[in-house]
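As structure tokens, the structure follows; a few thoughts come after it.
Protein chains in written order, with this note's numbering: chain A, 1 to 349; chain B, 1 to 349.
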């Protein structure tokens, strides 16, 4: 198995990326080759800091870097020799099985989609995130690829998210829900109402709508939505965690008794910080493209990079994309059957 | 000033509604008459529990109740003699200046819109919520009225939210922002991009896009969005507060030292609960209809009802709707000017 890593992508690149990649090689034996793509001098300097040299690493030079704030489409068009583009090229050329990047999300989506194209049967790729809730971990999709999807795109997200949940999280029959403004069938906008209607016709374990109130209530293992709402909900939840933390800190510092109490209870607050730490969950995955593409978050620690690489190997090993192609064939047959006129009606005219 | 209260609306009606209304009369002298609309026997029974009788109260009988789970449109159509419909009728007939209800939100929006119509110059009403952040309180609009708005509706929400923020919160020049998926001008979907373009042409203190990450960061005093996203973000934030509370509780109970610490720091947790308590903020307001309509949340305590009634009196007293009509005239002149061809271009042909 061969993994291409965008060594220059992310807020702490190349240092965190290189450190995480070396650590991944140490623990994941099935990786035969790991490409570190980026400025050769800087990448080699980081490699020198590592305690052991690693023969499975190959440094691939790329002269440009897509910055976190670059406008995605222009960046992809203009920076042909970026570390991100070159890493994707390795997958396109069949020299790598997967790409991992902590760089500019929009650019990664654009470049992967352009260069690798979608899988047979998939109209639009979608970004899938793992969200930790008290009683389950669920997939939220789409978290950032497609701002104006059609209802049929959401159905395909349901299929892909369900397969993701089965293969990576080990759920046997994941519950798929549409994110809406209420749990009742008639609640929603045009997009979600039509997606609901279509999802009822699939083989998925479709459990209907959920809304923001039951987001973390273990009602669904795959929650599908458009990228605008996905982005809004994820960021709002992150903000709220910070908000509550700030309220709590302010209140705890208001008098010495509280401060002493907080000191005694300190371990709880640290565990809380860890729970809210996205590093634990190995990044988001772009599903539906003809390749495996893992997006680690921008501020990735070495641990987050390592987890993202581990997830990449699981996708490759599990033949994820081949399963998706089969799933899409089954879906299209099913929806065509449902849309076809009844035989009785045909013969009556 | 005369206020019509839907005495049967909400999870704890009529008891909490009647108790809150009586308390409002005790503290708000400018209310000349308060209609309690609902099942006369039950409302009078609640009134009997109050320590003093209140001559300014008039009970208006209504035989039906729109339940919290009734489908809004059907409920409004079928239950003609509901407490909610009758309360709105009092406003329509000019016998009351405002309505307050803790009942079914969808039904309240539908019935108010149908019976009272929109203000001159307003195309669609929107629901405005007040959200407490550490450094400011901001208006989020639309929180539930219009699931598929046009960009021009969002601009009107900006005008109305800005006026709300000035008049009720006392901000002199409220910062208005579009809720989007990033702060840059080019980030968004078709709806928000066009709303952005239009808002730049208005007299509002328009500060551009904000996203979920800076929701509570004191970047804007009025945040405008469609009702789907508004609902999603508000409910997700509420869920996240509960989620963090649950994590924290679990962690604090893990060993005796932590439990003792938490006991000492207990006051902080209680203040936190209060901060997250929507009762403090007097409910949401339906802006843009020809009347004042305050929606207290379903689980309203007497205190929440009292606050909602106080907000209603502030709207009436400040001649809110007259200001909105003037604001809309100014907006339409401004947008027409901007859309008109340049004189030079006209004469050149």
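From the three backbone atoms N, C-alpha and C, an ideal C-beta is built for every residue, glycine too.
Residue 299(A) vs residue 11(A) beta-carbon contact at 8 Å: yes
Report yes or no: is there a C-beta of chain B within less than 8 Å of the C-beta of residue 211(A)? yes
Could you please give the first and the last residue of the uninterrupted alpha helix (DSSP H) stretch that includes residue 334(B)? 320-339
Beta-carbon separation of residue 205(A) and residue 175(A) under 8 Å? yes
So, with DSSP's three-state summary, where would you put residue 2(B)? strand
Residue 163(A), buried or exposed, once every other Cβ within 10 Å from all chains shown has been counted against 16: buried
Does the beta-carbon of residue 295(B) have 16 or more other beta-carbons within 10 angstroms, so that it is buried, or is it exposed? buried
When we look at the beta-carbon of residue 172(A) and count the other beta-carbons within 10 Å, is it buried (16 or more) or exposed? exposed
May I have the straight-line CA-CA distance separating residue 84(B) from residue 156(B), to the nearest angstrom? 27 Å
Beta-carbon proximity check, residue 126(B) vs residue 142(B), cutoff 8 Å: yes
In angstroms with no decimal places, state the Cα-to-Cα distance between residue 128(A) and residue 202(B). 38 Å
Find out if the Cβ-Cβ distance for the pair residue 219(A), residue 177(A) is shorter than 8 Å. yes
Based on the DSSP secondary-structure assignment, which residues constitute the bridge partners of residue 286(A)? 127(A), 293(A)
Could you check which residue in 25(B), 92(B), 19(B) has the C-alpha nearest to that of residue 310(B)? 25(B)
Residues of its chain near residue 196(B), where Cβ-Cβ distance is below 6 Å and the 5 sequence neighbours each way are ignored: 178
Show which residues of chain A have a CB atom less than 8 Å away from the CB atom of residue 246(B). 134
Quick check: what's the CA-CA separation for residue 148(B) versus residue 222(B)? 20 Å
Taking Cβ-Cβ distances below 8 Å as the criterion, which residues of the stretch 69-82 of chain A are in contact with chain B? 71
Starting from residue 36(A), trace the beta strand (DSSP E) both ways and give me its first and last residue. 33-38
Return helix, strand or coil for residue 201(A), following the three-state DSSP convention. coil
Please confirm whether residue 141(A) has its beta-carbon closer than 8 Å to some beta-carbon of chain B. no
Length of the line joining the Cα atoms of residue 315(A) and residue 65(A): 27 Å
Contact the stretch 29-40 of chain A vs the stretch 60-79 of chain A: 3+ CB pairs below 8 Å: yes
Check distances from the C-beta atoms of the stretch 151-181 of chain B to those of chain A and list, in chain order, the residues that come in under 9 Å. 179, 180, 181
Residues in the same chain with beta-carbon distance under 8 Å from residue 28(B), minus the five sequence neighbours each way, listed in chain order, please. 309, 310, 313
Strand pairing of residue 189(A), partner residues [DSSP]: According to DSSP, which records beta bridges pairwise, residue 189(A) is partnered with nothing at all.
Per DSSP, residue 178(A) is paired with what? 209(A), 224(A)
Quick one: is residue 147(B) near chain A, going by C-beta distance under 8 Å? yes
Determine the contact status of residue 328(A) and residue 120(A), defining contact as a CB-CB distance below 8 Å. yes
Start-end ranges of the beta strand (DSSP E) lying completely within the stretch 130-164 of chain A, minimum 3 residues: 137-141
Taking a contact to mean a Cβ-Cβ separation below 8 Å, would you say residue 232(B) touches residue 181(A) in this structure? yes
Min CB distance residue 295(B) to chain A below 8 Å: no
Sequence-distant residues of its chain with Cβ nearer than 7 Å to residue 111(A) (five each side left out): 76, 84, 85, 88
Per-residue burial, residue 363(B) [other beta carbons within 10 Å of its own, 16 or more giving buried]: There is no way to answer for residue 363(B), as the model of chain B reaches only from 1 to 349.
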